[in-house]
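In the working numbering, the protein residues as written are 379 to 1024.
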């Protein structure tokens, strides 16, 4: 009901209640006294680990897995790195004293971060947003560099040399860059380092945080050619004239790109760091000065908790090295540059890479990385365009400025799961590092093949999980887009070769799909369904998704009547339908021209060549089907024999 005698209040004015006059005092009740003890679970009885195990065992039994309750946790463990598995449940008893041993941010062992606080009272420090540039077109690179710096990027990573930015064009690329505000990291060996030092000779106002990018052991790993570390000390001495400029990077991403898990990456990066410390101290640097010349480059993957724990573990490892070397506590804090992983990105359906890199960037930030580079989503296709670079830099900006991710130091600290995983990764990586040291150091371990063998074993395990789709790759091995059109990009420089391989998780599926999509008409597998749609849809959808991962078309029909244009079929229905109809349908399909018949499910049926099911080796299935179809095509188009010619 309207009240014409009482005017409506202006914005910001609070009207008095209708039952009170404006000058009558209002009684505000006192807030209740806080309880002496806050019981988070109320009056419910505390759940025990044994009860949880019993309940989980019951769920597993319903799904067809009979597991003793005492063995439930072991049954559900899965690997995340070489020698490291994670369980389904973590409680305080799993972490023990680990949260306390992790210390506090900014103090040894630096597990909780190398920094102790923010840059200002109300402004989050965030991280250094570093964009990578490797386009040999100098004009394009110059334009891209300025666009990045004007729109959120805080430092540059310039790849110089053959196929990338010309070394002699460095001055042109940086001509309009305010070097007192934007740190610069170069990559390209001694030539790139000398070019940058010559460019900034005599300046004392360089922004801190840049690096000369010298990593001879990383070059040896990539090329297989032994490198001379003798120039490190001299160039590092020149870098000392510019406070905050480092000379050397221990690049673990080289080992991750060769198929290593985070255990191999951390162990090899730590071994590289120790080799560089020895070289610098032998060249006249004090231990603290040598520590101040190193930066670590580590990969950030889409497994967010493994990435978070790996970055925390890396700082713990380096602090232990510093402690053993006699470095002061302040010098032992590891400077980390996290780069989103090359291994996880895909060529097909590259738009999904935006999700992967966002998760990886999130994990790098939570893990405490000082510098983060988000690779553009189209990096596997070639040189990124302006849109891809914008999305890459905005990923960090959104997480820091709008997600407020940097307002909390070490958000994962105290998590029983993360603390346990951090310790497990640190222990496994330290064991691998000490094995490298016993072999004579990283250079010797690379030359002897020790590192290559270890990385190959780690990659074989990962590749097997990818092939079985245990490690699913959205857009490639799962939920592929058959109608997707790939963006066209200018080719990037071919990476160095001759040493460790470079792998991508999606490569095997993508290579198979490329083979199939190059054929016209598109090879197909006929899905022969049994029964009404309500019964066969689930398995028909599963089969269609699996075959599409190999680029195969999947026409569907009822029974054998629709088998045309292909010699491979897959029967889809329920186990009950299979028991009564599948064998007859397999015979009908063969009579109609099918030379290979598959079954969606695990039921034993006469006349079936193989089975599709959750956990099957999807890559082997697809390779078998594609080879069979191509063989049939070749046989059909082969020249006629002499008898036929007569």
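C-beta: ideal position from N, C-alpha, C; glycine also.
### Task
Could you give the DSSP three-state label for residue 1006: helix, strand or coil?
What you label residue 1006 is simply residue 628 of the chain shown in a count that begins at 1. In the structure shown, residue 1006 sits in a helix (DSSP, three-state: H, G or I).
### At least three beta-carbon pairs within less than 8 Å, the region 671-687 to the region 876-886
no
### Query
On the premise that residue 657 lies in contact with residue 607, defined as a C-beta separation below 8 Å, what is that separation, rounded to the nearest angstrom?
Locating residue 607 in the chain shown gives position 229, where the first residue counts as 1. Locating residue 657 in the chain shown gives position 279, where the first residue counts as 1. 5 Å between Cβ atoms; contact.
### Task
If I'm right that residue 1026 touches residue 628 with Cβ under 8 Å, what's the distance once you round it to whole angstroms?
Residue 1026 is absent from the model: the chain starts at 379 and stops at 1024.
### Task
Could you tell me whether the region 905-912 touches the region 939-955, using the rule of 3 or more Cβ pairs below 8 Å?
yes
### Completely contained alpha helix (DSSP H) runs for the region 926-1013, where each covers 4 or more residues
961-969
#### Entry: Residue interval of the beta strand (DSSP E) (run including residue 412)
By one-based count along the chain shown, residue 412 stands at place 34. Premise fails: residue 412 is in no beta strand (DSSP E) and is neither H nor E.
### Spatial distance of residue 617 from residue 776 (CA atoms)
Position 239 of the chain shown, counted from the first residue, corresponds to residue 617. Position 398 of the chain shown, counted from the first residue, corresponds to residue 776. Between the alpha carbons of residue 617 and residue 776 lies a distance of about 34 Å.
### Task
On a CA-only basis, which of 866, 861, 705 is nearest residue 766? Give me that one, please.
Residue mapping note: residue 766 aligns to position 388 of the chain shown, counting from 1. If we check each option's Cα against that of residue 766, 866 comes out closest.
### Query
DSSP three-state call for residue 794: helix, strand or coil?
Taking the first residue of the chain shown as 1, we reach residue 794 at position 416. Residue state, collapsed to three classes: helix.
### Query
If you pair each beta-carbon of the region 522-531 with each one of the region 579-589, do three or more pairs fall below 8 Å?
no
### Query
Who are residue 464's beta bridge partners in DSSP?
On the chain shown, residue 464 is found 86 positions in, with the first residue counted as 1. Answer is 456, bridged to residue 464.
### Opening and closing residue of the beta strand (DSSP E) in which residue 509 lies
For the purposes of this step, residue 509 is identified with residue 131 of the chain shown, where counting begins at 1. Residue 509 -> beta strand (DSSP E) spans 506-511.
### Task
Go through its chain and collect everything with a Cβ distance to residue 944's Cβ below 6 Å, but skip five positions before and after it.
By one-based count along the chain shown, residue 944 stands at place 566. Around residue 944: 902, 904.
### Query
Just the Cα atoms here: how many angstroms apart are residue 791 and residue 704?
Position 413 of the chain shown, counted from the first residue, corresponds to residue 791. Position 326 of the chain shown, counted from the first residue, corresponds to residue 704. Whole-angstrom Cα-Cα distance: 27 Å.
### Task
State whether the region 843-854 contacts the region 630-642, with contact taken as three or more CB pairs (one from each stretch) at a distance under 8 Å.
no
### Query
By Cβ distance, which residues of its chain are closer than 7 Å to residue 604, with the 5 residues on each side in sequence left out?
Walking along the chain shown from the start, residue 604 turns up at place 226. Here the set comprises 598, 821, 825.
### Query
Excluding sequence positions up to five away, which residues of its chain have a Cβ less than 6 Å from the Cβ of residue 513?
Counted from its first residue, the chain shown places residue 513 at position 135. For residue 513, where only same-chain residues beyond five positions count, the Cβ hits under 6 Å are 519, 761.
### Query
Comparing alpha-carbon positions, which option in 920, 931, 963 lies nearest residue 939?
If you number the chain shown from 1, residue 939 lands on position 561. The candidate whose alpha carbon is nearest that of residue 939 is 963.
### Task
List the DSSP bridge partners of residue 739.
Residue 739 sits at position 361 when you count from the first residue of the chain shown. In the DSSP secondary-structure assignment, residue 739 is not bridged to any residue.
### Message
As a quick exercise: from 921, 914, 930, 717, pick the residue whose alpha carbon is nearest that of residue 936.
### Response
Walking along the chain shown from the start, residue 936 turns up at place 558. For residue 936, the nearest C-alpha among the options comes from 914.
### Query
For residue 775, which three-state DSSP category applies?
Counted from its first residue, the chain shown places residue 775 at position 397. Correct three-state label for residue 775: helix.
### Query
To which residues does DSSP link residue 631 through a beta bridge?
Here residue 631 is taken as the residue at index 253 of the chain shown, counted from 1. Answer is none; residue 631 lacks a bridge partner.
#### Entry: The alpha helix (DSSP H) enclosing residue 616, as first and last residue numbers
Locating residue 616 in the chain shown gives position 238, where the first residue counts as 1. Residue 616 -> alpha helix (DSSP H) spans 609-617.
### Task
Give me the Cα-Cα distance between residue 494 and residue 537, rounded to the nearest whole angstrom.
In the chain shown, counting from the first residue as 1, residue 494 sits at position 116. In the chain shown, counting from the first residue as 1, residue 537 sits at position 159. Straight-line measurement puts the Cα of residue 537 at about 32 Å from the Cα of residue 494.
### Task
Count the CB pairs spanning the region 733-746 and the region 647-661 that are closer than 8 Å, and state whether there are at least three.
With the cut-off at 8 Å, the region 733-746 and the region 647-661 do not touch.
#### Entry: DSSP-derived helix/strand/coil call for residue 674
Locating residue 674 in the chain shown gives position 296, where the first residue counts as 1. Under the three-state reduction of DSSP output, residue 674 falls in the strand class.
### Query
Can you tell me where the alpha helix (DSSP H) with residue 591 in it begins and where it stops?
Within the chain shown, residue 591 is the residue found at index 213, counting from 1. Here residue 591 belongs to no alpha helix (DSSP H); instead the beta strand (DSSP E) covers 589-592.
### Query
CA-CA distance, residue 1003 and residue 888?
In the chain shown, the residue the question calls residue 1003 occupies position 625. In the chain shown, the residue the question calls residue 888 occupies position 510. For residue 1003 and residue 888, the distance between alpha carbons rounds to 15 Å.
### Task
Using the DSSP secondary-structure output, state which residues sit across from residue 716 in a beta bridge.
Translated into positions along the chain shown, residue 716 becomes position 338. Looking at the DSSP assignment, residue 716 forms a beta bridge with 676, 750.
### Message
Rounding to the nearest angstrom, what Cα-Cα distance links residue 696 and residue 648 in this structure?
### Response
Taking the chain shown and counting its residues from 1, one reaches residue 696 at position 318. Taking the chain shown and counting its residues from 1, one reaches residue 648 at position 270. Near 7 Å, if we compare the C-alpha coordinates of residue 648 and residue 696.
### Message
Here's a check: name, in chain order, each residue in its chain whose Cβ is nearer than 6 Å to the Cβ of residue 1025, leaving out the five neighbours to either side.
### Response
In the structure as shown, the chain starts at 379 and stops at 1024, and residue 1025 therefore has no counterpart that could be examined.
### Query
Are residue 645 and residue 471 closer than 9 Å when you measure CB to CB?
Taking the first residue of the chain shown as position 1, residue 645 is located at position 267. Taking the first residue of the chain shown as position 1, residue 471 is located at position 93. Result no, Cβ atoms of residue 645 and residue 471 do not sit closer than 9 Å.
### Message
For the alpha helix (DSSP H) containing residue 430, name the first residue and the last one.
### Response
Reading the chain shown from its first residue, position 52 is the one you call residue 430. Note, residue 430: alpha helix (DSSP H), 427-440.
### Query
On the three-state DSSP scale, how would you describe residue 853?
Looking up residue 853 in the chain shown gives position 475. Looking at residue 853 - three-state DSSP - the assignment turns out to be coil, as it is neither helix nor strand.
### Message
Here's the rule I'm using: 16 or more other beta-carbon atoms within 10 Å means buried, otherwise exposed. How should residue 500 be labelled?
### Response
By one-based count along the chain shown, residue 500 stands at place 122. Because the pLDDT of residue 500 is 46, which lies under 50, any placement of that residue in the model is unreliable, and the number read from its coordinates should be weighed accordingly. Burial call: exposed.
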